[in-house]
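Undergrad: Numbering that gives the first Met the number 0 puts the sequence shown at residues 0 to 286. All residues carry an ideal CB built from backbone N, CA and C; glycine is no exception. Quick one: the structure is below, and I'll ask about it shortly.
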Amino acid sequence: MPSQQGSPTVRRLRLGQELRLLRERRKLTGAKAARELGWSASKVSRIEAAKTMPVADDVKALAELYRIDAEKLDELFGLLRDAEQRGWWEDYEDTLPEEYTRFLGLEAEATSQRSWEPQIVPGLLQTEDYAREVILASRGIARITHSGVRSRVEARLDRQRRVLHRAHPCELTVVLDESALTRRFGEPSVMRAQMEHLLEISMLPHVSIHVLALDALHPVNTSAFIHLKFRDFDDVVYLEQLYTANFVEDLGRVAGYEAAFGHLKSETLDEDESRVLIQRKAMLWRR
Numbered sequence: 000m001p002s003q004q005g006s007p008t009v010r011r012l013r014l015g016q017e018l019r020l021l022r023e024r025r026k027l028t029g030a031k032a033a034r035e036l037g038w039s040a041s042k043v044s045r046i047e048a049a050k051t052m053p054v055a056d057d058v059k060a061l062a063e064l065y066r067i068d069a070e071k072l073d074e075l076f077g078l079l080r081d082a083e084q085r086g087w088w089e090d091y092e093d094t095l096p097e098e099y100t101r102f103l104g105l106e107a108e109a110t111s112q113r114s115w116e117p118q119i120v121p122g123l124l125q126t127e128d129y130a131r132e133v134i135l136a137s138r139g140i141a142r143i144t145h146s147g148v149r150s151r152v153e154a155r156l157d158r159q160r161r162v163l164h165r166a167h168p169c170e171l172t173v174v175l176d177e178s179a180l181t182r183r184f185g186e187p188s189v190m191r192a193q194m195e196h197l198l199e200i201s202m203l204p205h206v207s208i209h210v211l212a213l214d215a216l217h218p219v220n221t222s223a224f225i226h227l228k229f230r231d232f233d234d235v236v237y238l239e240q241l242y243t244a245n246f247v248e249d250l251g252r253v254a255g256y257e258a259a260f261g262h263l264k265s266e267t268l269d270e271d272e273s274r275v276l277i278q279r280k281a282m283l284w285r286r
């Protein structure tokens, strides 16, 4: 069963996926289906890729073409109703990149999340002050306004509440490079509070934080990534870049990232050892 926090983003993707599978079972190409319905081929393609939201009449027309039964049609209409709802992240869409809002929609229904971060404390684990300093650090390049900084900080804190503290939270495993604990954002007091927050969050039963020590073997040279797993949808890997972000959905490549995470984690300190190291960093930031 889907989670109670069912994400409209995932519902849109599932609806498109279901419609594509139904078409393929009838051995119809997208172009052939479009001709039968008097549509453009791009309309069928965009609906299946969740880039265009179909209306109820579109779903009904496709259902008739694919000759599906009433029970399946009810399922499709259920997905459509859920897909039409607003996600919490849409309140911030004016200040957040489009790719990131899509990621938030996927994250809302993930059952587990595995994150590798070599440079900074991940957004889900940031304090308000640390988050503000991280966002301000890129403000000159990204041209974020004062109100934009405030909105992004609010979105980050809202995300934390909804992902880490919801009724049925996902399992979060973070591999964090030690250098992220020593790279300063803001005053030392900001860093000290961030270290203490990491220790507090690490005690949540569904959160596992592992530090890759600087003197450890570094088995995979790769930038940050987040691997999301779902109950009824294929895994997705999210790659954030300076101006944009990419989603890896090819099953073979996703498996490669899964293996990479496993290699990274195999060289980390265990959870207790990681807490000891974080505590040491907190003490250093008291100076």
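1) Can you have a look at Leu203 and say buried or exposed, based on whether 16 or more other CB atoms are within 10 angstroms of its CB?
2) Would you say His226 and Arg113 are within 8 Å of each other, going by their C-beta atoms?
3) Quick one: grab the DSSP three-state call for Trp292.
4) Say yes only if the C-beta of Ser114 is nearer than 7 Å to one or more non-hydrogen atoms of the ligand COA, and no if none qualify.
5) Since Leu171 and His205 should fall inside the 8 Å C-beta cutoff, what is the C-beta to C-beta distance between them, to a whole number of angstroms?
6) Classify Ile140: buried if its beta carbon has 16 or more other beta carbons within 10 angstroms, exposed otherwise.
7) What separation, rounded to the nearest whole angstrom, lies between the Cα atoms of Arg252 and Phe224?
8) Tell me the rounded alpha-carbon separation between Arg158 and Trp38.
9) DSSP state of Val133, grouped into three classes?
10) Using C-beta distances below 7 Å, list every residue in its chain close to Glu35, excluding the 5 sequence neighbours before and after it, in chain order.
11) Classify Pro53: buried if its beta carbon has 16 or more other beta carbons within 10 angstroms, exposed otherwise.
12) What three-state label does DSSP hand Ile225 in the structure shown?
13) Pop quiz: Lys133 and Ala179 are said to be a contact at Cβ under 8 Å. What is the actual Cβ separation, rounded to whole angstroms?
14) Helix or strand or just coil, what does DSSP make of Glu170?
15) Rounded to whole angstroms, what's the CA-CA distance from Met0 to Arg45? Just pull it up for me.
16) Using the C-alpha atoms, what's the distance from Ala107 back to Gly15?
17) Who are the near neighbours of Glu84 in its chain, counting only those whose CB is closer than 6 Å to its CB and skipping five residues on each side?
18) Short check: CB of Leu276 to CB of Glu177, under 8 Å?
19) Measure the C-alpha to C-alpha separation of Ala215 and Lys264 and round it to an integer number of angstroms.
20) Counting C-beta neighbours from all protein chains within 10 Å, is the total for Leu213 16 or more, i.e. buried, or is it exposed?
21) Would you call the CB atoms of Leu105 and Val9 closer than 8 Å?
22) Can you tell me which of the three DSSP states Val236 falls into?
23) Closer than 8 Å is the cut-off here; do at least three beta carbon pairs connect the segment 91-104 with the segment 53-62?
24) With a threshold of 8 Å on Cβ separation, who are the neighbours of Glu266 within its own chain once the five nearest residues in sequence on each side are excluded?
25) Can you pull the DSSP bridge partners for Phe246?
26) Kindly indicate which three-state DSSP category His293 falls into: helix, strand or coil?
27) Going by beta carbon distance, what residues of the same chain come within less than 6 Å of Trp88, once the five residues before and after it are set aside?
28) Would DSSP call His209 helix, strand or coil?
29) What's the call for Arg151, buried or exposed, on a 16-neighbour Cβ count within 10 Å?
TA: Well, looking at it:
1) Classification of Leu203: exposed, given that the 10 Å Cβ count is below 16.
2) Taking 8 Å as the cut-off, the Cβ atoms of His226 and Arg113 count as close.
3) The requested residue 292 is not part of the displayed model; the chain covers only 0 to 286.
4) This structure does not include the ligand COA; it has no bound ligands of any sort.
5) Contact between Leu171 and His205 holds, since their C-beta atoms are separated by about 6 Å, short of 8 Å.
6) If you draw a 10 Å sphere on the C-beta of Ile140, you find fewer than 16 other C-beta atoms in it, and that means exposed.
7) Those two C-alpha atoms are separated by around 13 Å.
8) The alpha-carbon atoms of Arg158 and Trp38 are separated by roughly 39 Å.
9) Helix, per DSSP.
10) These residues qualify, in order along the chain: Leu64.
11) Classification of Pro53: buried, given that the 10 Å Cβ count is 16 or more.
12) DSSP places Ile225 within a strand segment (E or B) once states are collapsed to three.
13) Looking at the sequence itself, residue 133 is Val, so the reference to Lys does not match. That belief does not hold up - the Cβ atoms of Val133 and Ala179 are roughly 11 Å apart, past 8 Å.
14) Of the three classes helix, strand and coil, the one that applies to Glu170 here is strand, per DSSP.
15) Note that Met0 scores 31 on pLDDT, short of 50, meaning its location in the model is unreliable and no value can be drawn from it.
16) Taking the straight line joining both Cα atoms gives about 18 Å.
17) This sequence places Gln at residue 84; Glu is not what is there. Closer than 6 Å at the Cβ level, and outside the excluded window around Gln84, lie Pro7.
18) Yes.
19) One alpha carbon belongs to Ala215, the other to Lys264, and they sit about 11 Å apart.
20) Under this definition Leu213 is an exposed residue.
21) The answer is yes: Cβ separation under 8 Å.
22) Residue state, collapsed to three classes: strand.
23) Here the segment 91-104 does not lie against the segment 53-62, with fewer than 3 beta-carbon pairs under 8 Å apart.
24) Once the five neighbours on either side are set aside, the close Cβ partners of Glu266 are Leu211, Ala215, Leu216, His217 and Pro218.
25) Its beta-bridge partners are Tyr237.
26) Examination of residue 293 is not possible in this model, given that the chain is present from 0 through 286 alone.
27) Setting aside the 5 residues that flank it on each side, Trp88 is surrounded in the same chain by Thr100 and Leu103, each with a C-beta closer than 6 Å to its C-beta; the list follows chain order.
28) Here His209 sits in strand by DSSP.
29) Buried is the label assigned to Arg151, since at least 16 other Cβ atoms lie within 10 Å of its Cβ.
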